[in-house]
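Number of protein chains: 2
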Amino acid sequence: MKETTTLEQGQLTSAPQPTQVVPYDLIELLFFAYREFTSDPDDVLAQYGFGRAHHRVLHFVDRHPGIMVTDLLGILKITKQSLGRVLKQLVDDDFIEQRAGAIDRRQRLLHTTNKGHELAVRLARLQTERLDRAIKDLPNGTTDTVKQFLFQMIDATARREVANLINVGPDLDLTQRPDLNGMLQHTEQDGQ
Amino acid sequence: MKETTTLEQGQLTSAPQPTQVVPYDLIELLFFAYREFTSDPDDVLAQYGFGRAHHRVLHFVDRHPGIMVTDLLGILKITKQSLGRVLKQLVDDDFIEQRAGAIDRRQRLLHTTNKGHELAVRLARLQTERLDRAIKDLPNGTTDTVKQFLFQMIDATARREVANLINVGPDLDLTQRPDLNGMLQHTEQDGQ
DNA sequence: AATTTATGTCAGCTATATTGACTTATTTTG
DNA sequence: CAAAATAAGTCAATATAGCTGACATAAATT
Chain A
749 MKETTTLEQG
759 QLTSAPQPTQ
769 VVPYDLIELL
779 FFAYREFTSD
789 PDDVLAQYGF
799 GRAHHRVLHF
809 VDRHPGIMVT
819 DLLGILKITK
829 QSLGRVLKQL
839 VDDDFIEQRA
849 GAIDRRQRLL
859 HTTNKGHELA
869 VRLARLQTER
879 LDRAIKDLPN
889 GTTDTVKQFL
899 FQMIDATARR
909 EVANLINVGP
919 DLDLTQRPDL
929 NGMLQHTEQD
939 GQ
Chain B
749 MKETTTLEQG
759 QLTSAPQPTQ
769 VVPYDLIELL
779 FFAYREFTSD
789 PDDVLAQYGF
799 GRAHHRVLHF
809 VDRHPGIMVT
819 DLLGILKITK
829 QSLGRVLKQL
839 VDDDFIEQRA
849 GAIDRRQRLL
859 HTTNKGHELA
869 VRLARLQTER
879 LDRAIKDLPN
889 GTTDTVKQFL
899 FQMIDATARR
909 EVANLINVGP
919 DLDLTQRPDL
929 NGMLQHTEQD
939 GQ
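Protein chains in written order, with our numbering: chain A, 749 to 940; chain B, 749 to 940.
Written out as structure tokens, the structure is:
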């Protein structure tokens, strides 16, 4: 390891401005923490020839068996074309399978295969381990505080949607609720 | 006023499932929150023809005036080639300037120009605003709890390095005072 | 019957990253 | 001092992950 942070003696001095209401430490911690958070899955995925995009697809399909392609696109906020490539690989390699909808036969409902589920769980566990390590020495209640903070980081107009999404168990079928908006009657108002 | 939304008290706190050793809600909140966190700068950067990579470079150069290229690479954990392209654009467009090191003339020490500094601050303020909105309805102490959590998410072996970088000191002062914004004096010599 | 929806596909483009080899200038070291 | 190491830059080739827009097909809805 080479002498980290040789960065010019004394140059870490902050800008001597009144603009110092900016929480640079928090901003940078978010950057570093998130990078670490994704690093463990990345290493495993690379062994399968997959990347982070595959992880996201695999994760949300595993969490929402039978999800429609359209809903998955809505969650990931990517285009059909971007999803297409990644999804095709996951299907070709037998991590995800598509089944025509029983009611609406246009739909290709997505499910993880056993193999896909196992990988999804393996990756989730890696992230869980890091989260557990991070939290274990912190005071009780830290997890809830962090969850609340993260939730509030989301635009108020999108919070219901996310709240609904992350509270859906693996049994619930998103296909039965094509409109993710307004599903949660939550009493959050304060538009700011 | 504002009965602190606390996002349905019981909803994002522990799920009642017995097999729920994996905190899917927390994992997914990290994904959604981080995406939102980067979205505001992304919109502004696009107006300049820049992307997130430019933001990272601009940010760390602005925070560490006179930083060496090598050290910047170490922070960003990207290759010289990846940095090169992005840095060249920032220099060509007069957001960053390079000055030969006074002591070691091989070095091209990086500084933001006035224009670059202003953009860096503008982007940091956007992120600050989102952070402030997220925290304002949460209990006192939330910021410190979140900082501690994020810090602990980093591999133990890398924590000191990050702590030095963001100026929280070598021995995890992170567990202490809520205001480490005003005292960003230099760290430099501290072993390692 | 006409329209909308769900999905897929084509062609081409952009941004960001990678590796490896090589050059130039400069500093450090044996 | 000569040799080696370092700082930085460059070239060529490649990969991943995203984008737009246009178009096609099947199935459902109006």
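Virtual Cβ for every residue (Gly too), placed ideally from N, Cα, C.
Count the other CB atoms, across all protein chains shown, that sit within 10 Å of the CB of residue 866 of chain B; report buried if there are 16 or more and exposed otherwise. It counts as exposed.
Checking contacts by CB at 8 Å: is residue 863 of chain A closer than that to chain B? no
Cutoff 8 Å: residue 771 of chain A Cβ touching any chain B Cβ: yes
Just the C-alpha distance for residue 862 of chain B and residue 831 of chain B, rounded to the nearest angstrom, thanks. Approximately 21 Å, taken between the alpha carbons.
Report the start-end ranges of each beta strand (DSSP E) in the region 838-899 of chain A that is 3 residues or longer and not cut off at the edges. 844-848 and 856-860
Beta-carbon proximity check, residue 846 of chain A vs residue 858 of chain A, cutoff 8 Å: Taking 8 Å as the cut-off, the Cβ atoms of residue 846 of chain A and residue 858 of chain A count as close.
Short CB-CB distance (under 8 Å) between residue 776 of chain A and chain B: yes
So for residue 826 of chain A, helix, strand or coil by DSSP? coil
Which class does residue 914 of chain A belong to by DSSP, given the choice of helix, strand or coil? Look at residue 914 of chain A here: in three-state DSSP terms it is helix.
Residue from A:833, A:838 and A:788 whose Cα sits closest to the Cα of residue 810 of chain A: A:838
Taking Cβ-Cβ distances below 9 Å as the criterion, which residues of the region 880-906 of chain B are in contact with chain A? 880, 881, 882, 883, 884, 885, 886, 887, 889, 890, 891, 893, 894, 895, 896, 897, 898, 899, 900, 901, 902, 903, 904 and 906
Can at least three beta-carbon pairs, one atom from the region 782-791 of chain B and one from the region 817-836 of chain B, be found at a separation below 8 Å? no
Just to confirm my understanding: we take residue 890 of chain A, look at its own chain, exclude 5 residues before and 5 after, and list those with CB closer than 6 Å. What are they? 883
Quick one: does residue 919 of chain B have its CB under 8 Å from some CB of chain A? In this prediction, residue 919 of chain B scores a pLDDT of 33, lower than 50, which makes its location untrustworthy; no coordinate-derived value is stated.
Any C-beta of chain A within less than 9 Å: which residues of the region 842-864 of chain B qualify? 849 and 857
Can you have a look at residue 902 of chain A and say buried or exposed, based on whether 16 or more other CB atoms are within 10 angstroms of its CB? buried
Strictly under 8 Å for the Cβ-Cβ distance: is residue 784 of chain A near chain B by that measure? True, the Cβ-Cβ gap to chain B drops below 8 Å.
Pick helix, strand or coil for residue 775 of chain B, following the three-state DSSP scheme. helix
Min CB distance residue 943 of chain A to chain B below 8 Å: Lying outside 749 to 940, the shown extent of chain A, residue 943 of chain A is not represented and no answer is given.
Residue 844 of chain B burial status per 10 Å Cβ neighbour count (16 or more: buried): buried
Rounded to the nearest angstrom, what separates residue 856 of chain A and residue 803 of chain A at their Cα positions? Their Cα atoms are separated by approximately 20 Å.
Which residues of chain B have a Cβ atom closer than 9 Å to the Cβ of residue 811 of chain A, listed in chain order? 772 and 776
The alpha helix (DSSP H) that contains residue 807 of chain A, what's its start and end? 800-811
Can at least three beta-carbon pairs, one atom from the region 795-802 of chain B and one from the region 898-915 of chain A, be found at a separation below 8 Å? no
Min CB distance residue 817 of chain B to chain A below 8 Å: no
Between A:841, A:840, A:794 and A:860, which lies nearest to residue 816 of chain A when the distance is taken from Cα to Cα? A:860
Which value, in whole angstroms, describes the spacing of the CA atoms of residue 871 of chain A and residue 906 of chain B? 22 Å
Against chain A, does residue 915 of chain B count as a neighbour if the rule is that its beta carbon must be under 8 Å from one of theirs? yes
Flag this pair as yes or no: are the beta carbons of residue 915 of chain B and residue 773 of chain A separated by less than 8 Å? Annotated as proximal: residue 915 of chain B and residue 773 of chain A, with beta-carbon spacing under 8 Å.
Within 8 Å of any Cβ in chain B, is that where the Cβ of residue 929 of chain A sits? For residue 929 of chain A, the predicted model reports a pLDDT of 30, less than 50, meaning its position is unreliable; a value from the coordinates is still stated below. With 8 Å as the cut-off, residue 929 of chain A does not count as an interface residue toward chain B.
Exposed or buried, which one is residue 909 of chain B when buried takes at least 16 other CB atoms within 10 Å? When all chains shown are included, residue 909 of chain B counts as buried.
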